[in-house]
Every structure is written in structure tokens, then in C-alpha cells.
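Trainee: Residues in the sequence shown are numbered consecutively from 0, following numbering that gives the first Met the number 0.
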Amino acid sequence: MGIYDLKSDRQLCHIRALNDSLFKVLISYVMIEALYGKKILFATVPNEAHFNPLTGLAKYLQDAGCDVRWYTSRIFENQLRRLSIPHYVFTKALDINPVNIDYMFPERMYISDQPEKLNFDLVNVFAKRSPEYFADIKKICKSFPFDLMVSDCMFSAVPFVKAKLKVPVVTVGVVPLASDSVDLGSYGMALKPAVTADQHDEYARLRDFVSSVLFKRSIEVYDAILKENNIFIKPSILFDLLIRQSDLHLQIGTKDFEFKRSDLGNNIRFAGALLPYAERIKPWFDPRLTKYNKIVLLSQGNAETDTKKILEPTLEAFKDTDTLVIASTGGSGTVALREKYPAENLIIESFIPFEQVMPYASVCITNGGYMTTLLSIRHKLPVVSAGIYHGKNEVGARVAYFNCGVNLNTESPSPQEIRDAVNEVIANEEYRNSIQRISEGFKHKDANKLCANHIASLINGKVSLQANEN
0 MGIYDLKSDR QLCHIRALND SLFKVLISYV MIEALYGKKI LFATVPNEAH FNPLTGLAKY
60 LQDAGCDVRW YTSRIFENQL RRLSIPHYVF TKALDINPVN IDYMFPERMY ISDQPEKLNF
120 DLVNVFAKRS PEYFADIKKI CKSFPFDLMV SDCMFSAVPF VKAKLKVPVV TVGVVPLASD
180 SVDLGSYGMA LKPAVTADQH DEYARLRDFV SSVLFKRSIE VYDAILKENN IFIKPSILFD
240 LLIRQSDLHL QIGTKDFEFK RSDLGNNIRF AGALLPYAER IKPWFDPRLT KYNKIVLLSQ
300 GNAETDTKKI LEPTLEAFKD TDTLVIASTG GSGTVALREK YPAENLIIES FIPFEQVMPY
360 ASVCITNGGY MTTLLSIRHK LPVVSAGIYH GKNEVGARVA YFNCGVNLNT ESPSPQEIRD
420 AVNEVIANEE YRNSIQRISE GFKHKDANKL CANHIASLIN GKVSLQANEN
């Protein structure tokens with residue numbers, strides 16, 4: 000038996016002792032060999048925030064020799080074509096996406112209570128789509144018998160694929176970790192971890208209220224759908240249930256930017272900065288980047304179209320000042336904002352390549368976007384977070400708890416609130432020191448390689464060769 004027979008633990012240790020670099024190369028080779036030829040189906044709900052973060056991993060697996068295909072809405076047809084990934088469109092499944100949701104459900108526009116609106120979405124956008132998704136996937140499986148499904152953490156057909164097709168399922172956490180814990184309030188309450196017995200008791204009461212009152216309907220609807228399909232699992236709010244049901248949950252981010260849980264699920268692995276696939280982007284530069292000492296990067300995300308929430312208040316706060324603001328509108332109102340705010344110190348673009356701008360910036364203002372926040376941390380850039388709905392309050396809560404910046408805890412901050420928060424973050428070195436420490440967690444992680452290694456181990460039924468970094 001030769002020294003390169005990787006089946007022997009003793010030989011693995013011997014190789015490591017001889018040459019750690021060689022060991023890493025061999026492990027990478029074993030991982031790629033284990034994945035080569037595997038059929039992997041990606042499946043995501045029709046939302047850019049759920050689709051985009053998985054594209055980098057999909058291309059990495061494809062380059063490793065996997066047959067990668069994707070089941071999702073037709074709205075991603077062009078993107079998947081550019082990625083050269085075969086696309087299965089929704090057939091049986093109702094295609095509900097951010098563009099048409101209010102057209103499909105006009106009654107939704109009249110729901111002002113946010114928990115009620117979330118309950119509505121959990122029922123109609125997620126729970127009721129699960130058997131439709133599975134009907135499509137079951138048909139896909141006949142011509143493409145996939146070895147593994149990778150989905151975002153809100154793809155409601157996960158229990159169906161696992162129970163009915165007996166195929167391992169990997170979920171990817173595209174939002175802060177949404178699993179329930181005895182140490183936390185229910186997801187969406189944005190409460191920091193309990194430290195006293197009284198807090199633990201109070202959180203237990205809150206979790207019971209959420210499941211038995213606040214989101215009782217969505218929990219019961221999804222549970223009924225599962226039981227109708229002979230899937231019997233413990234009822235829970237959708238966020239938590241799908242994570243528990245996955246064979247492996249790859250949580251984007253690091254343990255240093257996540258609330259600690261004494262009961263963290265054994266299937267959860269932190270994935271680091273799992274980023275969207277980087278297509279070749281034209282270099283972006285503006286001479287004003289070198290003329291200002293204070294530079295603010297502003298992002299309201301692609302999904303939010305109301306420019307009055309943080310775009311306009313920020314532009315109003317800093318127009319004609321000594322602070323350069325670089326605003327990414329996500330395509331919402333770019334021309335109108337340029338006309339309204341023509342000041343020399345304001346740069347307004349539909350798209351800004353953040354990776355190219357962040358090294359110059361002093362602070363990033365975000366509406367609580369998780370990926371933007373993680374990218375800021377990776378670049379050691381303090382954050383001002385202004386968002387509440389759609390789980391954005393959970394991002395803001397972590398920004399404040401880990402001292403990475405200021406959480407304004409509102410959807411619509413005033414210009415004065417934004418100006419004060421930015422000045423505080425720039426003046427206080429504690430924020431930069433904290434974010435510097437947390438950014439170290441991203442430094443040595445190749446997120447795609449790490450995730451591929453976990454996936455290879457799952458497919459082959461082996462313990463991961465990569466240490467669990469939870």
C-alpha cells in the first residue's frame with residue numbers, strides 16, 4: 000500500500016507531517032475526484048437575494064466536473080444562459096416573484112401589519128408552492144436523476160425531495176442563521192442572545208407566542224400540506240423547519256458574526272463569504288475617489304424600489320459637503336436622482352462594483368442587506384444599517400451586537416439620523432477595530448472550496464476532511 004493511498008488515516012497524518020502544502024493539494028484532488036460526474040440540481044425561490052449568492056458555488060462545482068442544472072423562475076433565464084447552466088423553468092409551480100407578487104395577490108397590498116404580511120407570504124409564496132415545486136422536480140428527476148439538491152434556505156420543497164426521492168439536500172443560508180434556539184427569541188425579533196435565566200424564560204414565552212399565535216396559520220398550513228403528502232415532521236415556522244430538514248446547511252458568513260447557540264444543529268457549517276459568481280466586470284473608477292477623505296458607499300439593494308427610504312435621505316444629508324457619497328440604486332430612479340441631486344460630491348449609479356469601491360470607502364450605508372454587510376466586513380468597512388422588514392432587522396441587530404457599526408433600526412431614517420450615524424462611525428475607532436477582528440474570519444477561507452468539500456463528503460457518505468469550524 001503506497002504512501003498516496005488516502006484511505007489510511009495514518010498515511011494522511013504522515014503526508015501532513017511531510018508537507019502540509021502537498022496535503023492540501025491532495026485533499027483538493029480527492030474532493031474534486033469525489034465530485035466529478037455528480038449530478039447536482041440547484042433550486043431557488045424567484046428572488047435575486049436567494050438566487051445570486053448560490054451562483055458562485057454552482058460554477059465552482061461545474062468546473063469541478065459536476066453536471067450542474069438549475070430549477071427556478073423564468074426571470075433568471077438570461078443569467079443562467081450567461082453562466083452556461085441548463086435551466087428548468089417552473090411548469091406546475093406558480094411563478095411568484097418580486098415583480099409580479101402584488102399582481103398575483105392584489106389583497107397583499109392592503110396588508111399594513113408586517114407580521115400579518117409575512118404570515119401571508121409564508122402561506123402563499125412559500126408553503127403552498129411546495130407541492131408544485133416537487134411536481135416539477137419529480138419530472139426533472141426522470142430525465143436528470145440528480146445525486147444532490149442544493150437550494151436556498153427558503154425553498155419549501157426540501158422535505159419533499161428528502162422524503163420522497165431519498166436524495167440528500169443542502170440548504171444555503173442567504174440570511175442570518177434562522178434556526179430556532181433556546182438562547183434566542185424567534186427569528187425576526189432581532190433579539191440578542193439570552194444571558195440570564197429570566198431572559199431564557201422570556202424568550203421561551205416569545206417563541207411559544209410566535210408559534211401558537213403570531214404565525215400559527217402559516218405553520219398549520221405547511222404542516223397540513225406535508226401531512227397530505229405523508230411527510231410527518233415536527234411543525235415549526237418555515238425558516239427553522241427547512242434548516243432542520245436539510246442534510247447539510249451551509250450558512251453564509253462566519254461564527255464571529257452570528258449569535259452563539261448552545262444547541263447549534265449538527266448539520267450547520269459556516270461557509271464564509273460565499274459570493275455570487277463574478278463575471279468579468281469593467282473596471283470602475285472616478286477621480287473623486289482620491290479627492291475626499293470621507294467616502295460613503297450607499298446601497299439600497301436591488302429589490303427595494305422606494306428611493307425615499309435611504310437613498311434620498313442620505314443624498315440630502317451630504318449634498319454639497321466634504322463627504323463623497325457613492326450611491327448604488329439597483330436600477331431604481333437613477334436618472335431622476337441625478338437630476339434632483341446634481342452636487343459634485345454625489346455619484347449616483349445603477350450599479351457599482353462594490354469590491355472596487357470598498358477599499359476607498361470610510362463607511363457603508365445599507366438597508367440591512369446581508370450580502371452587502373458581509374462584503375463590508377470582509378473589506379473592514381464599518382456599517383450603518385437601516386432596515387427592518389424581510390429579516391433586515393436581524394442583520395442590523397448583529398451589526399450593533401458585534402460593534403460593526405450603527406443600527407438605525409428603521410426603514411426610513413431622516414437625513415440627520417444618517418449624518419449623525421456616519422459621523423459617529425467615522426470618528427469612533429472601536430467600530431473599525433471590531434470589524435477588523437471579525438474580518439479575519441473571512442481571510443483564509445475559500446468559501447467555494449470549503450462548501451464543495453462538505454458537499455463531496457455528504458455525497459459520498461463520509462465525514463468531512465475539512466474540520467468543522469462551528
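All residues carry an ideal CB built from backbone N, CA and C; glycine is no exception.
1. Rank N459, P85, V44 by C-alpha distance to the C-alpha of E131 and give the top, closest one.
2. Considering only residues of the region 292-336, which uninterrupted beta strand (DSSP E) runs meet the minimum length of 3 residues and lie entirely inside it, listed in chain order?
3. Write down every uninterrupted run of the alpha helix (DSSP H) in the region 202-269 whose length is 4 residues or greater and which is fully enclosed by it, in chain order.
4. Please state the DSSP three-state secondary structure of V38.
5. Kindly list the residues whose CB is nearer than 8 Å to the CB of Y276, restricted to its own chain and excluding five residues on each side of it in sequence; keep chain order.
6. Below 6 Å CB to CB, which residues in the same chain sit around A399 once its five sequence neighbours on both sides are set aside?
7. CA-CA distance, T371 and S298?
8. Taking the DSSP output, what are the residues bridged to M148?
9. Hey, how far is the Cα of L457 from the Cα of S413?
10. Quick check on the burial criterion: 16 or more other C-beta atoms within 10 angstroms. Buried or exposed for I454?
11. Which same chain residues end up closer than 7 Å to A177 when comparing Cβ atoms and leaving out the 5 residues on each side of it in sequence?
12. Less than 9 Å separating the beta-carbons of D450 and A270?
13. Decide if the region 249-264 is in contact with the region 372-387; the criterion is three or more beta carbon pairs, one per stretch, under 8 Å apart.
14. Since G300 contacts N366 with CB under 8 Å, what's their CB separation in whole angstroms?
15. Using the C-alpha atoms, what's the distance from E76 back to H86?
16. Quick one: Cα of R260 to Cα of A193, how far?
17. Among N118, D135, D207, V67, which one has its Cα closest to the Cα of L93?
18. Just the C-alpha distance for T304 and G330, rounded to the nearest angstrom, thanks.
19. Do F133 and K163 have their beta-carbon atoms positioned less than 9 Å apart in this structure?
20. So, does the region 316-323 touch the region 340-357, judging by three or more C-beta pairs under 8 Å?
21. Out of L380, E115, K215, P144, state which residue places its alpha-carbon closest to the alpha-carbon of V424.
Mentor: So, from the listed chains and residues:
1. One-based indexing of the sequence shown puts residue 131 at position 132. With distances taken between Cα atoms, E131 lies closest to V44.
2. 293-298, 322-327
3. 215-227, 237-244
4. Locating residue 38 in the sequence shown gives position 39, where the first residue counts as 1. Contrary to the premise, residue 38 reads as Lys rather than Val in this sequence. The answer is strand: DSSP assigns K38 an E or B state.
5. To locate residue 276, count along the sequence shown from 1; it is residue 277. Result list for Y276: T54, G55, A57, K58, L82, in chain order.
6. On the sequence shown, position 400 is the one that residue 399 refers to. Taken in chain order, the residues that qualify are N406.
7. Sequence index remark: in the sequence shown, residue 371 carries index 372 (1-based). Sequence index remark: in the sequence shown, residue 298 carries index 299 (1-based). Their Cα atoms are separated by approximately 8 Å.
8. As a working mapping, residue 148 is identified with position 149 in the sequence shown. Paired residue(s): L40, V168.
9. For this step, residue 457 is matched to residue 458 along the sequence shown. For this step, residue 413 is matched to residue 414 along the sequence shown. The alpha-carbon atoms of L457 and S413 are separated by roughly 49 Å.
10. Position 455 of the sequence shown, counting from 1, holds the residue named residue 454. By the neighbour-count rule (16 or more Cβ atoms within 10 Å), I454 is buried.
11. Along the sequence shown, one-based indexing puts residue 177 at 178. Within the same chain, A177 has close Cβ partners C152, Y186, F238, D239, I242.
12. Locating residue 450 in the sequence shown gives position 451, counting from the first residue. Locating residue 270 in the sequence shown gives position 271, counting from the first residue. Reading the sequence as shown, one finds Cys at residue 450 and not Asp. Yes, the Cβ-Cβ distance between C450 and A270 is below 9 Å.
13. yes
14. Numbered from 1 along the sequence shown, position 301 holds the residue referred to as residue 300. Numbered from 1 along the sequence shown, position 367 holds the residue referred to as residue 366. Yes, G300 and N366 are in contact; Cβ-Cβ is about 6 Å, under 8 Å.
15. Residue 86 sits at position 87 when you count from the first residue of the sequence shown. Residue 76 sits at position 77 when you count from the first residue of the sequence shown. Taking the straight line joining both Cα atoms gives about 7 Å.
16. Here residue 260 refers to the residue found at position 261 of the sequence shown. Here residue 193 refers to the residue found at position 194 of the sequence shown. Approximately 10 Å, taken between the alpha carbons.
17. Taking the first residue of the sequence shown as position 1, residue 93 is located at position 94. Per the Cα distances, D135.
18. What you label residue 304 is simply residue 305 of the sequence shown in a count that begins at 1. What you label residue 330 is simply residue 331 of the sequence shown in a count that begins at 1. If I take the Cα positions, the gap works out to 8 Å.
19. Translated into positions along the sequence shown, residue 163 becomes position 164. Translated into positions along the sequence shown, residue 133 becomes position 134. Yes; because the gap between Cβ atoms is below 9 Å, this pair is in contact.
20. yes
21. Here residue 424 refers to the residue found at position 425 of the sequence shown. Of the listed residues, the one whose Cα sits closest to V424 is L380.
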